[in-house]
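Engineer: Here it is, the structure, as structure tokens.
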């Protein structure tokens with residue numbers, strides 16, 4: 001039962017008690033009997049006691065309700081802080097993801113940094129291939145020129161190599177390095 005209804009009932013009971021103690025002198029006997037019948041139906045003392053008991057119960061529950069409300073407010077504030085921290089962490093993770101995905105993500109177009117790096121790598125690969133072909137060409141040119149020079153001056157390269165190897169063997173024997181072998 002709402003408190004306002006209880007208060008109205010209490011007021012009615014006190015008003016009826018007042019009229020019972022001080023009945024009006026102008027009323028007829030029928031009105032007085034009617035008033036007494038209503039009062040007997042309501043039984044003001046038991047209803048008053050009941051209302052006072054309910055009021056006492058409500059008054060005893062109010063501090064508990066206040067404590068519950070205070071603890072709920074505290075929990076609500078803690079949850080709000082926790083959600084705020086989670087939101088900040090989530091935004092940090094999203095920022096980090098954007099940085100990483102812009103540099104590495106194959107589904108997003110290449111960034112300036114990535115495209116410049118790829119271009120530099122491609123240039124280096126092209127230069128390496130060019131240098132390989134140049135070295136192979138120079139090697140072939142040197143072999144051809146050496147053959148021409150050796151033929152022109154009638155030089156036998158195998159004979160020169162054999163002479164060098166013999167000279168090295170003789171040097172080792174003289175110095176004593178090859179005594180163990």
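Residue numbers (UniProt numbering): 1 to 181.
A virtual CB, placed ideally from N, CA and C, is assigned to each residue, including glycine.
1. Quick check on residue 156: does DSSP put it in helix, strand or coil?
2. Rounded to whole angstroms, what's the CA-CA distance from residue 86 to residue 80? Just pull it up for me.
3. Where residue 60 and residue 51 are concerned, what is the direct C-alpha to C-alpha distance, given to the nearest angstrom?
4. Below 8 Å on the Cβ atoms is my contact criterion, and I expect residue 7 with residue 48 to pass it. Report the Cβ-Cβ distance as a whole number of Å.
5. Would the beta-carbon of residue 157 fall within 8 Å of that of residue 148?
6. How big is the Cα-Cα spacing for residue 182 and residue 161?
7. Tell me the DSSP secondary structure of residue 137 in three-state form.
8. At what residue ranges does the region 60-130 contain a whole run of the alpha helix (DSSP H), taking only runs of 4 or more?
9. Helix, strand or coil for residue 56 per DSSP?
10. Hey, how far is the Cα of residue 71 from the Cα of residue 56?
11. Based on Cα-Cα distance, which residue from 46, 45 and 54 lies nearest to residue 5?
12. In whole angstroms, what is the alpha-carbon distance linking residue 144 and residue 138?
Structural biologist: Taking the definition as stated:
1. coil
2. 10 Å
3. 14 Å
4. The pair is not a contact, with the Cβ atoms about 12 Å apart (cut-off 8 Å).
5. no
6. Because residue 182 is not part of the residues shown, which for the chain are 1 to 181, the question remains open.
7. helix
8. none
9. helix
10. 24 Å
11. 54
12. 10 Å
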